[in-house]
Amino acid sequence: MPELPEVETVRDGLARLVVGARVRDVEVLRDYSVRRHDGGPAAFADQLRGRRLAAAARRGKFLWLPVGQDAALLAHLGMSGQLLVRDGADPWVHPHLRVRMHLEDAPSGATALDFVDQRTFGHLAVVDLAPTPDGAPGGLGTDRPAVPEPVAHIARDLLDPVLATGTPGREAVVAAIRRRRTGVKRALLDQTVVSGIGNIYADEALWRARLHFARATDAMRPGDVRRALDAAEEVMREALVQGGTSFDSLYVNVNGASGYFSRSLAVYGREGEPCPRCGTPVRRDAFMNRSAFTCPVCQRRPRDGRW
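Take the sequence shown: its letter number 126 is residue 434 in my numbering, and every next letter is one higher.
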C-alpha cells in the first residue's frame, strides 16, 4: 500500500501539472471506485463538471484538490490506486482505468486526469470541507484552513511543519504515544496519533532507532520515542527524494514512473539477508496479519515488551 512518501510524490505531481485546470467532463467506468460519494456516479460527475482544481493537499495517505470554497475532490489510493496525468499526445487507455476526468486550461497542457486501480480498494469522492479547530493549515501542500470531513479524524504527519522536531506538536505526539499501552510499532501505525507511517517505514524507522517493534510504549523514555519519530521522519524524507518505494508496477507517480527507495531499505522484506549495520541475518515475525522485519542484535527483543 502506498505510504506517505508515495502519496506526497503524487500530490506534488498534481500540484505542478493539474492545479488551475477546469474539469470539462467526467467518465466513471467503474461505479465501485466512487462508492463513497453520496449520490453515486452521476452525482459525482455533476459536482465536478465546470469546477477548477485548486491547490493539491494531503493529510497522511489522503489526497484532495479543492473544487470551490466548501468542497474538494478527495482520493485515497488504497493498495493499487494511481492518479495519472494525460495529455493529447497520450491517448492510451489503461486496462484498469476506473475514472477519467477530462481537463482544460491546465498550465501543463494536460487534457485528462485518470484514476487507475487494479485491486479497486481505492476511491474518489467529492466531499465537504471542514475548518480545522486550530485554524492551522489543513493539509500539507495548501494554506487552506480546512480539511475534507472524512479526513478530520486523521492526525497530522511528521512532514507537517506543525509537528516539526522540537515543536509543541511533536512533543504532544511523544506524550500521546507514551500514554498508550501497546507496542511501539502499533503506535506508529495508529493514524489517529501520527499519520502516514505504514508497515515499510515503521520497520525502517525502528531499525534506525535500534528499537524492537514490541517495546511497550508506556515503558519508553521520552527520548526513545523522539528517536523513533525522528527516524521515521528521516527515512520518509529520504524516500521522498527517490520518489517513494515501488515493489511492482502498482505504485507510480502521476507520470507513471516508479520510485526507487526499495533499493535503500535496510530490513523490510529482507528476511535472512545480513543487517547493513552488524551483519546478523534479518528476522521476520508475524505482525497484525502482516510482517515485521528486525535485526535480532541491533533491535533486541525485550522480555514481555519492557526493559
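Glycine residues also receive a C-beta, built at the ideal position from the N, C-alpha and C atoms.
Nearest candidate by alpha-carbon position, reference residue 474, set 359, 504, 535, 524: Scanning 359, 504, 535, 524 for the CA closest to the CA of residue 474 turns up 535.
Counted within 10 angstroms of its Cβ, other Cβ atoms place residue 509 as buried (16 or more) or exposed: By the C-beta density criterion, residue 509 is buried, having at least 16 other C-beta atoms within 10 angstroms.
Contact set for residue 324: own chain, Cβ-Cβ below 8 angstroms, skip 5 residues either direction: So the qualifying residues of the chain are 416.
C-alpha distance - residue 511 paired with residue 457, whole-angstrom precision: Spanning the two alpha carbons is a distance of roughly 30 angstroms.
Cβ shell of residue 349 (< 7 angstroms), same chain only, five flanking positions each side left out: 336, 339, 342.
Residue 602 - partner residues in DSSP beta bridges: By DSSP's assignment, residue 602 forms a beta bridge with 591.
Coil, strand or helix - residue 320 by DSSP: The answer is helix: DSSP assigns residue 320 an H, G or I state.
Helix, strand or coil at residue 631 according to DSSP, with G and I counted as helix: Within the shown structure, residues of the chain are numbered from 309 to 615, placing residue 631 beyond reach of any answer.
Endpoints, the alpha helix (DSSP H) within which residue 355 is located: Counting along the chain, the unbroken alpha helix (DSSP H) around residue 355 starts and ends at 348 to 356.
Same chain, Cβ closer than 7 angstroms to residue 495, five either side skipped, listed in chain order: 485, 488, 501, 525.
Contact set for residue 592: own chain, Cβ-Cβ below 6 angstroms, skip 5 residues either direction: If we look at residue 592 and ignore the five residues flanking it on each side, its Cβ neighbours are 579, 599, 601.
Helix, strand or coil at residue 537 [DSSP, three-state]: Helix.
Spatial distance of residue 352 from residue 377 (CA atoms): About 17 angstroms.
Span separating the alpha-carbon of residue 513 from that of residue 413: Their Cα atoms are separated by approximately 42 angstroms.
Whether residue 344 touches residue 461 by CB criterion (7 angstroms): No, the Cβ-Cβ distance between residue 344 and residue 461 is not below 7 angstroms.
Residues that DSSP places opposite residue 412 in a beta bridge: According to DSSP, which records beta bridges pairwise, residue 412 is partnered with 330.
Host alpha helix (DSSP H) of residue 511 (start-end): Residues 507 to 517.
Residue environment, residue 529, which counts as buried when at least 16 other CB atoms sit within 10 Å: Residue 529 should be labelled exposed.
Coarse secondary structure for residue 458, derived from DSSP in three states: Reduced to three states, the DSSP call for residue 458 is helix.
Pairwise C-alpha distance: residue 359 and residue 505: Looking at the two C-alpha atoms, the distance is approximately 32 angstroms.
Which of helix, strand or coil DSSP assigns to residue 547: In the structure shown, residue 547 adopts helical secondary structure according to DSSP, grouped into three states.
Extent of the continuous beta strand (DSSP E) to which residue 393 belongs: Per DSSP, residue 393 belongs to the beta strand (DSSP E) from 389 to 394.
Inter-residue spacing [alpha-carbon to alpha-carbon] between residue 467 and residue 355: Distance between the alpha carbons of residue 467 and residue 355 is about 31 angstroms.
Length of the line joining the Cα atoms of residue 418 and residue 541: Distance between the alpha carbons of residue 418 and residue 541 is about 33 angstroms.
Same chain only: Cβ atoms within 6 angstroms of residue 312, ignoring 5 sequence neighbours per side: Result list for residue 312: 465, 504, 544, in chain order.
Residue 383 - partner residues in DSSP beta bridges: Beta-bridge pairing links residue 383 to 371, 432.
Whole-angstrom distance between residue 372 and residue 379, CA atom to CA atom: Looking at the two C-alpha atoms, the distance is approximately 10 angstroms.
Cβ-based neighbour list, residue 576, same chain, cut-off 7 angstroms, excluding 5 preceding and 5 following: Counting only Cβ-Cβ distances below 7 angstroms, and skipping sequence neighbours, we find 508, 511, 512, 601.
Unbroken alpha helix (DSSP H) run spanning residue 495, endpoints: Residue 495 -> alpha helix (DSSP H) spans 492 to 497.
Per-residue DSSP class, three states only, for residue 584: Reduced to three states, the DSSP call for residue 584 is coil.
Helix, strand or coil at residue 335 according to DSSP, with G and I counted as helix: Residue 335 falls in the strand class under three-state DSSP.
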